[in-house]
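Enquirer: Residues in the sequence shown are numbered from 1293 upward in steps of one, following the numbering used here.
Cβ coordinates follow ideal geometry from the N, Cα and C atoms, glycine included.
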Amino acid sequence: MKTIVVIPARYKSSRFPGKPLVKLLGKPMIQWVAELSARAVGKDNVYIATDDIQIESAVLEMGYQVVMTSEECLTGTDRLAEVAKKIEADVYINVQGDEPLVDPEDILKVIEAKKIHMTDVINGYSVIGKNEDPQSVNIPKVIFTEDERLVYMSRQALPGFKEEKNAPLQYYKQVCIYAFNRQELLAYGEFGRKSILEQSEDIEIIRFLEWGQPIRMVETRPGSLAVDVPEDVERVEAALREHWG
């Protein structure tokens, strides 16, 4: 069963232009993500999907494969849909290019879940850490059934509560490792627009949820940190320094 990792990388981020190439401890962020992904599936099965020639040039210098995608892609998953048209595989893993602390073991865990549940989209989640704010709109929160099927994902704190005594003991957040089959990606791209709730929340996986596609959540290790805005760089560098010594 052929499995590839595709890392969508966009230069023109509204909150952080040039984000994939920002240096973290002297190394471009996209390189951190690519190297960690390669530990899970092998370097030959890692692709960076971008529409930017600066990112293409940098990635080729690193020795990784690039798939050029349209500037019209609405989301990273739309980029994967374009990759799925060009490269045939059984399982496509989307690893976000702003997750330089992604754990290769978590990628493998998501892959195994997909192989067991080929008709479910798979997405990672973890507990929200003590140093993270559940009220932050930069952190998508997730709620799911007791058998880990996604109920909803929001930038608001979920679940809500009527009385303080019923406040959740733990909040959970999305970890941006996804697994798809080819047909799921092609259907996503052919949809042609953001769905209503996807547009409101600015969370791309909700597009699947709105047309009734089952989404299964898989718990990953806590401690994953994404670079959403420039202010995150120092915090992520500190975590990388601690992780790699």
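#1: Per DSSP, which residues does Asn1386 bridge with? Please list them.
#2: For Lys1433, list the residues DSSP reports as bridge partners.
#3: Rounded to a whole number of angstroms, what is the C-alpha to C-alpha distance between Val1338 and Glu1455?
#4: Tell me where the beta strand (DSSP E) around Ile1507 begins and ends.
#5: Does DSSP classify Lys1486 as helix, strand or coil?
#6: Check whether the Cβ of Ile1379 lies closer than 8 Å to any heavy atom of the ligand ZN, and answer yes or no.
#7: Check whether the Cβ atoms of Ile1469 and Asp1398 sit closer than 9 Å, and answer yes or no.
#8: Which residues does DSSP pair with Pro1320 in a beta bridge?
#9: According to the Cβ coordinates, are Ile1379 and Ile1296 closer than 9 Å?
#10: Got a sec? Which residues, its chain only, sit under 6 Å from Asn1430 by beta carbon, not counting five neighbours each side?
#11: Indicate whether the contact test is met: 3 or more Cβ pairs, each with one atom in the region 1330-1337 and one in the region 1434-1442, closer than 8 Å.
#12: What separation, rounded to the nearest whole angstrom, lies between the Cα atoms of Phe1453 and Lys1377?
#13: If contact is defined by three or more beta carbon pairs under 8 Å, each pair taking one atom from either stretch, is the region 1337-1353 in contact with the region 1471-1483?
#14: By DSSP's criteria, Arg1441 is part of a beta bridge. Which residues make up the other side?
#15: Restricting to Cα atoms, I'd like to know which of Asp1344, Glu1496, Gln1323 and Ala1373 is closest to Glu1353.
#16: Closest to Ala1381 by CA distance: which of Ser1362, Gln1448, Tyr1444 and Lys1294 is it?
#17: Determine, using beta carbons only, whether Ala1373 and Val1510 come nearer to each other than 9 Å.
#18: Taking Arg1441 as the reference, give the member of Glu1363, Pro1506, Arg1485 and Val1383 with the closest Cα.
Expert: Quick look at the numbers:
#1: The residue given as residue 1386 occupies position 94 in the sequence shown. Per DSSP, Val1298 and Tyr1470.
#2: Mapped onto the sequence shown, residue 1433 falls at position 141. DSSP lists Ser1446 and Lys1465 as the beta-bridge partner residues of Lys1433.
#3: As a first step, residue 1338 is located in the sequence shown; it is residue number 46 there, counting from the start. As a first step, residue 1455 is located in the sequence shown; it is residue number 163 there, counting from the start. One C-alpha to the other measures close to 47 Å.
#4: Translated into positions along the sequence shown, residue 1507 becomes position 215. Ile1507 to Glu1511 is the extent of the beta strand (DSSP E) around Ile1507.
#5: What you label residue 1486 is simply residue 194 of the sequence shown in a count that begins at 1. Three-state DSSP puts Lys1486 in coil, outside helix and strand.
#6: What this structure holds is no ligand at all, so the ligand ZN is not there to describe.
#7: Residue numbering aside, residue 1469 sits at position 177 when the sequence shown is read from its first letter. Residue numbering aside, residue 1398 sits at position 106 when the sequence shown is read from its first letter. For Ile1469 and Asp1398, yes; Cβs fall inside 9 Å.
#8: For the purposes of this step, residue 1320 is taken as the residue at position 28 of the sequence shown. Per DSSP, Lys1315.
#9: Taking the first residue of the sequence shown as 1, we reach residue 1379 at position 87. Taking the first residue of the sequence shown as 1, we reach residue 1296 at position 4. Result yes, Cβ atoms of Ile1379 and Ile1296 sit closer than 9 Å.
#10: As a position in the sequence shown, residue 1430 is number 138, starting the count at 1. Correct list, in chain order: Asp1520.
#11: no
#12: For the purposes of this step, residue 1453 is taken as the residue at position 161 of the sequence shown. For the purposes of this step, residue 1377 is taken as the residue at position 85 of the sequence shown. Each residue's alpha carbon lies about 44 Å from the other.
#13: no
#14: Numbered from 1 along the sequence shown, position 149 holds the residue referred to as residue 1441. Answer by DSSP bridge pairing, in chain order: Arg1508.
#15: Within the sequence shown, numbered from 1, the residue matching residue 1353 stands at position 61. The shortest C-alpha separation from Glu1353 is found at Gln1323.
#16: As a first step, residue 1381 must be located in the sequence shown, where it is residue number 89. Comparing Cα positions, the closest option is Lys1294.
#17: Numbered from its first residue, the sequence shown carries residue 1373 at position 81. Numbered from its first residue, the sequence shown carries residue 1510 at position 218. No, these two residues do not count as a Cβ contact at 9 Å.
#18: Counted from its first residue, the sequence shown places residue 1441 at position 149. It is Pro1506 whose Cα lies nearest to the Cα of Arg1441.
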